[in-house]
Structure formats: structure tokens, C-alpha cells
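Residue numbers (my numbering): 608 to 746.
Given below as C-alpha cells:
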């Protein structure tokens, strides 16, 4: 597993690069944070989750999955696909999101980002885009 320096720690908890190095995937150190994020899920996250859970798109997605100190909204390990829902808070953290995406890309993880408003107004096209992205990705 590739470990890159972590110049942008999580803005919410201040986790850094060293906290989760021993368990890069779904670290036991992040269980509480993942559980908290599931409980506090936004409406767009809940809407999308109901459409992709239980292998409804033919692949298994995990909700609030951690890689290093990052918690991904939805992750498909089989396709190495991360889906992020960008709400209002993401307009303030674009540099952080860009670094995070580059980091995940370096781990061969594809990142799809959707604005929360698109989930509300055009969920079917979001599902279609996710499905089209899943098909060509190699295992």
C-alpha cells in the first residue's frame, strides 16, 4: 500500500497521516467516526444509499468506509470506486477534496463526485453514471 504524506488532515477531527497507517482500510481506529457519520447522514446520502445498497447495481457498496484517515461516503472494493456527495461544506474545502482525490487515485481508486442538489433533482442520471462507471472498471 502506498503511503503519501498527509498535508491536509481531516478538518472535522484533525486526524493526521499517522493515526491509521497500521490499518489503511477500514481502520478500527476510525469505527466511532464512521458510525457517527452514518447516524448523521445527509438526506442526499440516504437517498443514494437506498438506490445502491444490497447490490442493486450488481456490485456491493460499503457506506462510510475508511481508507487511512479519510472516510469515504460510498465505496465499492470490487471496482475500487468511491462515490462522494458534495454538500455546502465542500465549497469551503476544495483544496482538501482535491488532495484527497489525488491520494485515492494514487491508490488506484476512482472517485465520482456529485453535488447534493443533483441527487435531489436528477437521481436517475446519477445512478446511470455510477452504473456506466462500474462496468468498465477492472476488478
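Glycine is no exception: its CB is placed at the ideal position from the N, C-alpha and C atoms.
Near residue i, which residues of its chain fall below 8 Å by C-beta distance, leaving aside the five closest residues on each side in sequence?
i, result
"residue 719", "688, 689, 690, 691, 736, 737, 740"
"residue 693", "704, 720, 721, 722, 723"
Starting from the C-beta of residue i, find all residues in its chain whose C-beta is less than 7 Å away, skip the five residues before and the five after it, and write them out in chain order.
i, result
"residue 707", "677"
"residue 644", "671, 678"
"residue 641", "671, 673, 678"
Relative to the C-alpha of residue i, which candidate in the options has its C-alpha closest?
i, options, result
"residue 742", "717, 709, 669, 635", "717"
"residue 649", "729, 734, 680, 700", "680"
"residue 726", "634, 646, 656", "656"
"residue 634", "685, 715, 675, 693", "675"
"residue 734", "711, 702, 668", "668"
What number of angstroms, rounded off, separates the C-alpha of residue i from the C-alpha of residue j?
i, j, result
"residue 651", "residue 723", "6 Å"
"residue 683", "residue 662", "10 Å"
"residue 630", "residue 705", "Reliability fails at residue 630, whose pLDDT of 46 lies under 50, so the model's placement of it is uncertain and the value that follows must be treated cautiously. Near 23 Å, if we compare the C-alpha coordinates of residue 705 and residue 630."
"residue 714", "residue 632", "11 Å"
"residue 647", "residue 638", "14 Å"
"residue 659", "residue 666", "9 Å"
"residue 636", "residue 711", "19 Å"
"residue 700", "residue 709", "14 Å"
Does the distance from the CB of residue i to the CB of residue j come in under 8 Å?
i, j, result
"residue 730", "residue 654", "yes"
Starting from residue i, follow its DSSP beta bridges and name the residues at the other end.
i, result
"residue 709", "Residue 709 pairs with nothing; no bridge assigned."
"residue 673", "678"
"residue 691", "720"
"residue 632", "674"
"residue 683", "688"
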